[in-house]
Amino acid sequence: MVEAIILAVLAASTPLLIAATGELVTERSGVLNLGVEGMMIVGAVCGFAGAWLTGSIFIGALFGIVAGTLMSLIFALMALGLAVNQVATGLALTILGIGLSGLIGAGFVGERITPAMHLHIPVLTDVPLIGRMLFGEDGFVYFSVALIVGVWWFLYRTRAGLILRACGDNHVSAHALGYPVLRIRTFAVMFGGACAGLAGAYLPLAYTPFFIPGMTAGRGWIALALVVFSSWRPGRLVVGAYLFGAVTILQLHAQGWGVGIPSQFMSALPYLATVIVLVLLSRARSGGSTAPAALGTVFVPDR
Amino acid sequence: MQAHQRTLDPMSNGQHSGDSPLLRTIGLTKRYGGFLANDSIDVDIWPREIHALLGENGAGKSTLVKAIYGLIQPSAGEIRWQGQRIVLSGPSEARSLGIGMVFQHFSLFDNLTVAENVALGLDGKESFKDMSARLEQVSKTYGLPLDPHREVWQLSVGERQRIEIVRALMQDPKFLILDEPTAVLTPQEADQLFIVLERLKAEGRAILYISHKLEEVKRLCDTATILRGGRKVETCNPRLETAASLARMMVGGEIKEVKAASRRKTTVPRLVVDDLSLAPAEAHGVRLEHISFELKGGEIFGIAGVAGNGQDELFAALSGERLSKDPGTVLIEGIAAGHLSITQRRKLGAAFVPEERLGHGTAPRMKLSENALLTGHAASGMVHHGFIHTAATLKAVDRATEAFDVRKAKRDPEAASLSGGNLQKFIVGREILRAPAVLVVSQPTWGVDAGAAAVIRQALLDLATAGAAVLVTSQDLDELAEIADRIAVMFHGRLSAPLATSGATREKLGLLMGGSSLEPKEAAHAVGA
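The listed protein sequences correspond, in order, to chains L and V.
Numbering follows the working numbering, with no gaps: position 17 of the first sequence is 18.
Numbering follows the working numbering, with no gaps: position 39 of the second sequence is 773.
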């Protein structure tokens, strides 16, 4: 029972973690891309299409990544190239993504694929309680953990990461020192798009083996909230993603156990938890600022 | 300081014994649309020289150094480095040649550490650890102490500038550009900077020193190039000039002397601040601590201090942008106003001119008449039953235009289209024409040309002569010495005891600005003076 819950929590948390990791990098470069939901849903439908056409989960995932990246390039063109308001562009991207996924996915509704294989190492995987958790997951779960560790290492241990953070803190200074702010931000946005696409693809490739329209169900928005929740730090992002996944799964089980609370309220619980944590965090905040100082501001270099 | 003299044309007198200039610009021109920011400028910079670049705001100083540092591409003309023509693709190329720059608005990252900030200004060929070690060594060698692990937002302005200078020095530059480095320093900090600059010069480096503080330039610089309206006016030896003759070249005419008429103080204070304490509203803001002062009619009270020591917070508390829990902390014309809104305070006879002209003092994309209405409606007949009386708003614009010689392209342009000096004249004029009892003004002549600055200072003096109480916050000590009766210094959210202007020497003010307290006896004496 406990094991089943933990496995379900891991599965529910993984797409949030992947998408939020991408958005964390994007926002650390100073760009607010509210189009995560749109990039995810396009990633989901393209990922499913790729897997259905080729029969390979791996190629499906690649399809998702490419689709998310292409979506993010639209955003980069508008918000960075043409210096359009980032909030408006991000919202438009989400609307576009939802429409596009419905169009592409119309022919795939009702189709099934074989979901991603779970790892199985004899003996280790069979260890009770933690065996399946540590050694019996699908590849996406392991990849998501490697991804966030890699992002942490990149941001805090490499010069390129330092430059990226510098762009997010003060793009005028970064430009004055000779860094190509817009090019760096474009790469950050593309990374965010690739992650969102992969996170979306995870849903039909590993979570449920079919595609339904709107199957991201607001996970993109939750990923955005998680980035704020984490105060833009990778470590807290992991905690936030698993906490959110846990609340989601627990409320499902609580409904199953017949707890005498309306199910609508239970379904709202994860969102309520997010709001409460955000309020608590903002109250506890003092001293150094947490958000990248240049987040969401338009930068036009003067030449 | 050795005052080595030389004639104006270094090529002819052999002073540089066979070397060529380190850097020359020949006919350097930068065009923005139809506007010539730099018009065919020739400048020669020699090794072992501190070369001043003088000019008013908008004269083209920043454009010229940006071109030399590779931040912008010149439209015409060329730059020669050690005799070779160079075309810079960007600042990193300029740095690799040996050109360093310390920016006026620091190019620092608040949420990164000192070491990370320095690393970002280097090419990244050495490891972070080696770089940190070298950083410590350079800062020790030049007497510029820095803690590499602190984040920039925790540091004072002087310390921030040290980061910029150390960062530039770590590239061992042959040529260092400093853009108004003393604008934000206390007099003592400026003196320390001059020692460093003299040393860099003795090491054979060249320095281009941008400033509009003429006394400083006379003291420090070997050569001065003066720009006006994008053109070079003159290259001269500043030590042979007077401050007045340099100012004439910068402005292109005489500047009116500001005259103070004799004033009579009212007996009753018009503005009283009584034990005002306020928590900061922003993450890196300053807490105001127990601020008290009294300001009588006919008096100008100056508040000096390095930027970011609580001046903005004090302005917000006085203007009503931030409310105080205790109404008695701010008294306007004897009425407790600490809890009153901006409009209510205006109705009591107060007027406010914030530091930031665009975005705070005016809405940039709105017309002047609309801006006049936005602050004037509380106290004059520009609105009838909720409808705007357009003729009255235009009249308000015309009155300010006439009284303060605001130059603009049409009768009622957008605020953002005016030059800094003209917009400031309009804002100050708008408030003064309402004949306020109390005027609170922050940085009245910041970034304003000398002519407009004189007009504004005279207007403040005239307003006090007419019986108003005027509170001026400024970082320009000369300005305060010129117009204020008493000066107090703000440091870390506290206000020092006021000094009579006659007894407020630069040294005393400098000590207070740096956070030292004066001897108790001395302070008491100055207040009594």
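Just so it is clear, CB atoms sit at the ideal spot from N, CA and C, and this is done for glycine as well.
*Residue range of the beta strand (DSSP E) that V1040(V) falls in?*
V1040(V): not part of any beta strand (DSSP E); DSSP gives it neither H nor E.
*Candidates R884(V), T875(V), F1027(V): closest to E850(V) by CA position*: It is R884(V).
*What are the partner residues of V1172(V), as DSSP defines its beta bridges?*
A1084(V), A1203(V).
*With 8 angstroms set as the bound, which would you pick, yes or no: does the beta-carbon of I164(L) sit closer than that to a beta-carbon of chain B?*
Absent from the structure: chain B. Protein chains present are L and V.
*Taking all protein chains shown into account, decide if E1016(V) is buried (16 or more other Cβ within 10 angstroms of its Cβ) or exposed.*
Counting C-beta atoms within 10 angstroms of its own C-beta, E1016(V) has fewer than 16 neighbours from the protein chains shown and is therefore classed as exposed.
*Tell me where the beta strand (DSSP E) around H1024(V) begins and ends.*
Counting along the chain, the beta strand (DSSP E) containing H1024(V) begins and ends at 1022–1030.
_Residue of E923(V), D844(V), K1159(V), E950(V) minimising C-alpha distance to R1088(V)_ = Per the sequence shown, residue 1088(V) should be read as Pro rather than Arg. Minimum Cα-Cα distance from P1088(V) among the listed residues E923(V), D844(V), K1159(V), E950(V) corresponds to K1159(V).
*Quick one: Cα of F1(L) to Cα of S102(L), how far?*
In the structure as shown, chain L begins at 2 and stops at 304. Residue 1(L) is therefore absent and cannot be evaluated.
*Give the range of the beta strand (DSSP E) segment to which S1251(V) is assigned.*
Careful: S1251(V) lies outside any beta strand (DSSP E) and carries neither H nor E.
*Mind reading off the beta-carbon distance from K935(V) to I784(V)? Whole number of angstroms is fine, and I expect it under 8 angstroms.*
Their Cβ separation, rounded to whole angstroms, is 6 angstroms, which keeps K935(V) and I784(V) in contact under 8 angstroms.
*Would you tell me roughly how many angstroms separate the C-alpha atoms of E1090(V) and R220(L), rounded to the nearest one?*
Each residue's Cα considered, the two are about 42 angstroms apart.
_So, with DSSP's three-state summary, where would you put K1129(V)?_
Of the three classes helix, strand and coil, the one that applies to K1129(V) here is helix, per DSSP.
_L178(L): contacting residues in chain V (beta-carbon distance under 7 angstroms)_ = Simply P825, S841, L854, G855.
*Are G51(L) and I60(L) touching if we call contact CB-CB under 8 angstroms?*
Yes, they are a contact pair.
_Just to confirm my understanding: we take I1166(V), look at its own chain, exclude 5 residues before and 5 after, and list those with CB closer than 6 angstroms. What are they?_
A distance below 6 angstroms between beta-carbons, with the five flanking residues on each side excluded, links I1166(V) to the following residues of its chain, in chain order: A1193, L1197.
*Tell me, please, whether the region 1026–1037 of chain V touches the region 1002–1014 of chain V by the rule of three or more beta-carbon pairs shorter than 8 angstroms.*
The region 1026–1037 of chain V makes contact with the region 1002–1014 of chain V; the number of CB pairs closer than 8 angstroms reaches 3 or more.
*For the putative contact between L18(L) and A242(L), defined by C-beta atoms under 8 angstroms, what is the C-beta separation to the nearest angstrom?*
Right, the Cβ-Cβ distance comes to about 4 angstroms (below 8 angstroms), so this counts as a contact.
_Just to confirm the assignment, what range does the alpha helix (DSSP H) spanning N34(L) have?_
Segment: none, N34(L) is in no alpha helix (DSSP H) and carries neither H nor E.
*Counting only the same chain and skipping the five closest in sequence on each side, list residues whose C-beta sits under 6 angstroms from that of L33(L).*
For L33(L), where only same-chain residues beyond five positions count, the Cβ hits under 6 angstroms are Q87, L296, G297.
*alpha helix (DSSP H) runs wholly inside the region 106–184 of chain L, at least 4 long, in chain order*: DSSP runs (the alpha helix (DSSP H)) wholly in the region 106–184 of chain L: 132–136, 140–158, 160–170, 172–177.
*Do you know how far the Cα of L206(L) is from the Cα of G111(L)?*
Straight across, the Cα-Cα distance linking G111(L) with L206(L) is about 14 angstroms.
*State buried or exposed for W258(L), treating a residue as buried only when at least 16 other CB atoms are found within 10 Å of its CB.*
Per the 10 Å Cβ criterion, exposed.
*Between which two residues does the beta strand (DSSP E) harbouring W815(V) extend?*
In the DSSP assignment, W815(V) falls within the beta strand (DSSP E) that extends over 810–815.
*With which residues is P1003(V) paired in a DSSP beta bridge?*
The partner list for P1003(V) (beta bridge, DSSP) reads K1030(V).
*Between the beta-carbon of R1080(V) and the beta-carbon of A1071(V), is there less than 8 angstroms?*
Cβ distance not < 8 angstroms, so R1080(V) and A1071(V) don't count as in contact.
*Give the single residue among L1092(V), P1147(V), M1116(V) whose Cα lies nearest to the Cα of L1102(V).*
Measuring from the Cα of L1102(V), the nearest candidate turns out to be P1147(V).
*So which residues on chain L does D844(V) lean against when the C-beta distance must stay under 8 angstroms?*
Simply D170, N171, S290, A294.
*Pull out every residue of the region 141–160 of chain L whose Cβ sits closer than 7 angstroms to any Cβ of chain V, in chain order.*
Per Cβ criterion, the list reads R160.
*Exposed or buried, which one is L980(V) when buried takes at least 16 other CB atoms within 10 Å?*
Looking at its Cβ environment, which holds 16 or more other Cβ atoms inside 10 Å, L980(V) is buried.
*Among all the DSSP beta bridges, which residues are the ones paired with E870(V)?*
In DSSP, E870(V) forms no bridge with anything.
*For K764(V), which residues of its own chain have a beta-carbon under 7 angstroms away from its beta-carbon, when the five flanking residues on both sides are left out?*
Around K764(V): A771, N772, T797, A801, I806, P808, S809.
*What in chain L is Cβ-close to E850(V), meaning under 7 angstroms?*
Close partners of E850(V) in chain L (Cβ separation under 7 angstroms): L163.
*Please go through the same chain and pick out, in chain order, the residues whose beta-carbon is closer than 7 angstroms to the beta-carbon of S30(L), but skip the five residues on each side of it.*
Closer than 7 angstroms at Cβ, skipping near neighbours: L165, C168, G169, I185, R186, A189.
*Of all the CB atoms in chain V, is at least one closer than 8 angstroms to the CB of S232(L)?*
Residue contact check for S232(L) against chain V: no CB pair falls below 8 angstroms.
*Would you verify that the beta carbon of A84(L) is, or is not, closer than 8 angstroms to some beta carbon of chain V?*
Closer than 8 angstroms: no.
_Taking the alpha carbon of I99(L) as the reference point, which residue from G246(L), L227(L), M216(L) has its own alpha carbon closest?_
It is M216(L) whose Cα lies nearest to the Cα of I99(L).
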